[in-house]
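K.L.:
Protein chains in written order, with our numbering: chain Z, 5 to 324; chain Y, 5 to 324.
Shown next as structure tokens:
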């Protein structure tokens, strides 16, 4: 049973001091490794690990080709400014090869997870010689899976490390007692900029979750550009989360003065407290039309843009 | 060269008198036939033909299974109230058989046209013994096709009547000099209710043009129900045209408390003067959300509703 530290009871400075000491004591003279995604959880773990271990922590950022525009460079740049070296691993080809011809959402999720753990990060861990693996698991993640030993067991299996032979490997999860709000407090206390500490949620399968149908490099590029427009133009709103979805259905449009089939982007912007229920943000039509015109102008092949007007439930935040 | 009668120069009463006399003179003691769709053009032709020929005009309403909720009965009822008998021909099976497994929009249009002219209406014309065919062609239709003889030639070919043997058949097109606004004026002068005279445009392929992908009876029923909600809830707006589109893409939703894939309806409502350019109607979010909730509640299988926010061009009024 993990003892929760609630946000109102959290002393970030004391928490950081305790966790840094724990990591240092556990790793001793060994070395550790972790994967940074740019999300607040893995970012906080990277900072804690760096404070505890310095150069004995190796942090990798795996570019799966499914990130938002400029995201790998931006995240690595933020950590560089904080004095934390992060290594970018270009694994785009491996991810797109795994995603080829998969149209089913569960299949895409599975292909990404498998490629991440077993093929890419698993290989890096196995070849690194590091025996300590830092992970940004939070209490909410534990709630959603089986708890304790079984879960850690699964991590080894996912990494391609035979649990029978995993003797010597150890997983360190400094954020296990926190929920997202607590993690954000610790992140700020660690000096992470709001861009990271207050980052809006982003799905695990990244932009692959934002295309209906196959996640080809071309289709990911299309939704990446639309996402950039949506995030830029809705940054000033109070929305809880906003996103662009590339549909597979083709709709009629005019291209170069001729009738032609083009692609459709669906924009969703949610008002919500906790993502459990949500309603569409009541954006002005000036903004909605500007959004549509900008997406059509900046994203090749798109002739139609819609805005979600259904609440969650029965809708969900993401489309796939 | 057809001489246009512009709306501002049109005297509806004189026009009606002249056309009734023309039809009577042309048909003589023969009999005529026409197909009523419920659109303003074919409705006006039905009224003119009835005034000219009485019982010697046979008017058929072909139910292709692609009409809006209750439409065949409503149209026939309106004409019954006007004293004009209209015969409903149930051709739903023939149309759905022709549409089976066709997903391409052009293919669907072609299947519907072929089934209408060659299989259903062609057979009725050939079996009727009537040699005079009344058609609601207007000047805009002529602009959009090849003019004159060639066009009439094509009508015979479409009907399965060998143009070489078409001697004796004659097509009568009383509205050839008018455009839509003129036809509406004549319709009102003929006593047609606004529901017909001011009917919002509806695509030729009917609801088959409102589903992306295959037009099965089930999918047509889904978009029919969504269309009924949209037409009912947006009737009070000043919009030029409004419609519901059933997408083929499936999106995640919650059904009976579980994650499941459901269908998406796209609503379009257009502000426009002439359909050449158009912008989305700036509906209130109260109305948009009510629309989404009602569609989800009343249309089985739908978990998501979007609203079009792109202008025409590059979008088009209809989606396929």
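A virtual CB, placed ideally from N, CA and C, is assigned to each residue, including glycine.
Given that residue 315 of chain Y touches chain Z, what residues does it touch there, using C-beta distances under 8 Å?
P.N.:
Residue numbering aside, residue 315 of chain Y sits at position 311 when the second chain is read from its first letter. Near residue 315 of chain Y (Cβ distances below 8 Å), the residues of chain Z are 293, 296, 297.
K.L.:
What is the residue span of the alpha helix (DSSP H) that residue 13 of chain Z lies within?
P.N.:
Locating residue 13 of chain Z in the first chain gives position 9, counting from the first residue. From DSSP, residue 13 of chain Z is part of no alpha helix (DSSP H); its letter is neither H nor E.
K.L.:
Quick check on residue 128 of chain Y: does DSSP put it in helix, strand or coil?
P.N.:
Position 124 of the second chain, counted from the first residue, corresponds to residue 128 of chain Y. Helix at residue 128 of chain Y.
K.L.:
Taking only runs that begin and end inside the region 167 to 245 of chain Y, name each unbroken alpha helix (DSSP H) of 4 or more residues, in chain order.
P.N.:
Entirely contained in the region 167 to 245 of chain Y, the alpha helix (DSSP H) runs reaching 4 residues are, in chain order, 184 to 193, 198 to 201, 221 to 238.
K.L.:
So which of Y:283, Y:14, Y:310 has the shortest CA-CA distance to residue 297 of chain Z?
P.N.:
Sequence index remark: in the first chain, residue 297 of chain Z carries index 293 (1-based). For the residues Y:283, Y:14, Y:310, the minimum Cα distance to residue 297 of chain Z belongs to Y:283.
K.L.:
Closest by CA to residue 68 of chain Y, which one among Y:62, Y:97, Y:51?
P.N.:
Working through the second chain from its first residue, we reach residue 68 of chain Y at position 64. Considering only alpha carbons, the answer is Y:97.
K.L.:
Between residue 164 of chain Y and the rest of its own chain, which residues show a CB-CB distance below 6 Å, the 5 nearest in sequence each way excluded?
P.N.:
Position 160 of the second chain, counting from 1, holds the residue named residue 164 of chain Y. Once the five neighbours on either side are set aside, the close Cβ partners of residue 164 of chain Y are 122, 126.
K.L.:
Per DSSP, which one or two residues make a beta bridge with residue 326 of chain Y?
P.N.:
Absent from the model: residue 326 of chain Y. The displayed extent of chain Y is 5 to 324, so no value can be given.
K.L.:
Can you give me the Cβ contacts of residue 188 of chain Y inside the same chain, cut-off strictly under 7 Å, excluding the 5 residues immediately before and after it?
P.N.:
Taking the first residue of the second chain as 1, we reach residue 188 of chain Y at position 184. Excluding residues within five positions, the ones whose Cβ falls inside 7 Å are 44, 201, 202.
K.L.:
Please determine, among Z:190, Z:195, Z:310, the residue with the shortest C-alpha to C-alpha distance to residue 12 of chain Z.
P.N.:
Here residue 12 of chain Z refers to the residue found at position 8 when the first chain is read from its first residue. For the residues Z:190, Z:195, Z:310, the minimum Cα distance to residue 12 of chain Z belongs to Z:190.
K.L.:
Three Cβ pairs or more, each shorter than 8 Å: is that satisfied between the region 239 to 249 of chain Z and the region 259 to 275 of chain Z?
P.N.:
The region 239 to 249 of chain Z is in contact with the region 259 to 275 of chain Z.
K.L.:
Assign residue 308 of chain Z to one of two classes, buried (16 or more other C-beta atoms within 10 Å of its C-beta) or exposed (fewer than that).
P.N.:
Here residue 308 of chain Z refers to the residue found at position 304 when the first chain is read from its first residue. Flag for residue 308 of chain Z reads buried.
K.L.:
Check whether the region 126 to 141 of chain Z and the region 232 to 240 of chain Z touch, using three or more Cβ-Cβ pairs below 8 Å as the test.
P.N.:
Contact between the region 126 to 141 of chain Z and the region 232 to 240 of chain Z is absent, because fewer than three Cβ pairs lie under 8 Å.
K.L.:
For residue 71 of chain Y, count neighbouring Cβ atoms within 10 angstroms of its own Cβ and tell me buried if that reaches 16, exposed if not.
P.N.:
Indexing the second chain from 1 puts residue 71 of chain Y at position 67. Answer is buried; the Cβ neighbour count reaches 16.
K.L.:
Under 7 Å between C-beta atoms, does residue 38 of chain Z make it to chain Y?
P.N.:
The residue given as residue 38 of chain Z occupies position 34 in the first chain. It does not; no Cβ of chain Y falls within 7 Å.
K.L.:
Relative to the alpha-carbon of residue 1 of chain Y, which residue among Y:260, Y:227, Y:204 has its alpha-carbon at the smallest distance?
P.N.:
Only positions 5 to 324 of chain Y appear in this structure, which leaves residue 1 of chain Y out of reach.
K.L.:
Are the Cβ atoms of residue 112 of chain Z and residue 212 of chain Z separated by less than 7 Å?
P.N.:
The residue you call residue 112 of chain Z lines up with position 108 of the first chain. The residue you call residue 212 of chain Z lines up with position 208 of the first chain. A contact, by the Cβ cut-off of 7 Å.
K.L.:
Using 8 Å as the cut-off, can you tell me whether the region 300 to 307 of chain Z makes contact with the region 18 to 27 of chain Y, which would need three or more C-beta pairs spanning the two stretches below that distance?
P.N.:
No: fewer than three Cβ pairs fall under 8 Å.
K.L.:
So that I know if they touch, is there some Cβ in chain Y lying closer than 7 Å to that of residue 189 of chain Z?
P.N.:
Counting from 1 along the first chain, the entry for residue 189 of chain Z is found at position 185. No, no contact with chain Y.
K.L.:
If you follow the beta strand (DSSP E) that residue 63 of chain Z is part of, which residue opens it and which one closes it?
P.N.:
As a position in the first chain, residue 63 of chain Z is number 59, starting the count at 1. Segment 61 to 67, the beta strand (DSSP E) holding residue 63 of chain Z.
K.L.:
Rounded to whole angstroms, what is the Cα-Cα separation between residue 230 of chain Y and residue 250 of chain Y?
P.N.:
Translated into positions along the second chain, residue 230 of chain Y becomes position 226. Translated into positions along the second chain, residue 250 of chain Y becomes position 246. Their backbone Cα atoms lie some 8 Å apart in a straight line.
K.L.:
Closer than 7 Å by C-beta to residue 223 of chain Z: which residues in its own chain qualify, once you throw out the five before and the five after it? Chain order, please.
P.N.:
Residue numbering aside, residue 223 of chain Z sits at position 219 when the first chain is read from its first letter. Around residue 223 of chain Z: 215, 250.
K.L.:
May I ask which residues mark the beginning and end of the alpha helix (DSSP H) holding residue 48 of chain Y?
P.N.:
Indexing the second chain from 1 puts residue 48 of chain Y at position 44. First-last of the alpha helix (DSSP H) with residue 48 of chain Y: 44 to 57.
K.L.:
For residue 258 of chain Z, which residues in chain Y fall below 9 Å Cβ to Cβ?
P.N.:
Counted from its first residue, the first chain places residue 258 of chain Z at position 254. Near residue 258 of chain Z (Cβ distances below 9 Å), the residues of chain Y are 316, 317, 318, 319, 320.
K.L.:
From residue 129 of chain Y to residue 15 of chain Y, what does the alpha carbon distance come to, in whole angstroms?
P.N.:
Within the second chain, the letter at position 125 stands for residue 129 of chain Y. Within the second chain, the letter at position 11 stands for residue 15 of chain Y. Between residue 129 of chain Y and residue 15 of chain Y, the C-alpha separation is close to 33 Å.
K.L.:
Flag residue 153 of chain Y as yes if its beta-carbon sits less than 7 Å from any beta-carbon of chain Z, otherwise no.
P.N.:
Locating residue 153 of chain Y in the second chain gives position 149, where the first residue counts as 1. The pLDDT assigned to residue 153 of chain Y is 48, lower than 50, so where the model puts this residue is not dependable; a value taken from the coordinates is nonetheless given after this. For residue 153 of chain Y, the answer is no, since every Cβ of chain Z falls outside 7 Å of its Cβ.
K.L.:
Contact check, residue 179 of chain Z vs residue 140 of chain Z under 8 Å by CB: the rounded distance?
P.N.:
Looking up residue 179 of chain Z in the first chain gives position 175. Looking up residue 140 of chain Z in the first chain gives position 136. Between residue 140 of chain Z and residue 179 of chain Z the Cβ distance is about 6 Å, and since that is below 8 Å, they are a contact.
K.L.:
By the three-class DSSP mapping on this structure, what secondary structure does residue 284 of chain Z have?
P.N.:
In the first chain, counting from the first residue as 1, residue 284 of chain Z sits at position 280. Looking at residue 284 of chain Z - three-state DSSP - the assignment turns out to be strand.
K.L.:
Please state whether DSSP places residue 92 of chain Y in a helix, a strand or coil.
P.N.:
As a working mapping, residue 92 of chain Y is identified with position 88 in the second chain. Three-state DSSP puts residue 92 of chain Y in a strand.
K.L.:
Checking contacts by CB at 7 Å: is residue 310 of chain Z closer than that to chain Y?
P.N.:
In the first chain, the residue the question calls residue 310 of chain Z occupies position 306. Yes, its Cβ sits closer than 7 Å to a Cβ of chain Y.
K.L.:
Would you kindly check if the distance between the Cβ of residue 61 of chain Z and the Cβ of residue 53 of chain Z is under 7 Å?
P.N.:
The residue given as residue 53 of chain Z occupies position 49 in the first chain. The residue given as residue 61 of chain Z occupies position 57 in the first chain. Closer than 7 Å, so yes.
K.L.:
Using three-state DSSP, classify residue 143 of chain Y as helix, strand or coil.
P.N.:
Position 139 of the second chain holds residue 143 of chain Y. It is helical.
K.L.:
What residues from chain Z crowd round residue 286 of chain Y, counting only those whose CB sits closer than 8 Å?
P.N.:
Along the second chain, read from residue 1 onward, the residue named residue 286 of chain Y stands at position 282. Under the 8 Å cutoff, chain Z gives 289.
K.L.:
Using beta-carbon positions only, say whether residue 176 of chain Z and residue 30 of chain Z come within less than 7 Å of one another.
P.N.:
Counting from one through the first chain, the residue named residue 176 of chain Z turns up at place 172. Counting from one through the first chain, the residue named residue 30 of chain Z turns up at place 26. Contact: yes.
K.L.:
Look at the alpha carbon of residue 152 of chain Z and the alpha carbon of residue 312 of chain Y, and state the distance between them as a whole number of angstroms.
P.N.:
In the first chain, residue 152 of chain Z corresponds to position 148, counting from 1. In the second chain, residue 312 of chain Y corresponds to position 308, counting from 1. Any reading at residue 152 of chain Z is ruled out, since the residue's pLDDT is 49, under 50, leaving its predicted position unreliable.
K.L.:
Taking 7 Å as the CB-CB cut-off, is residue 29 of chain Z touching chain Y?
P.N.:
The residue given as residue 29 of chain Z occupies position 25 in the first chain. No, no contact with chain Y.
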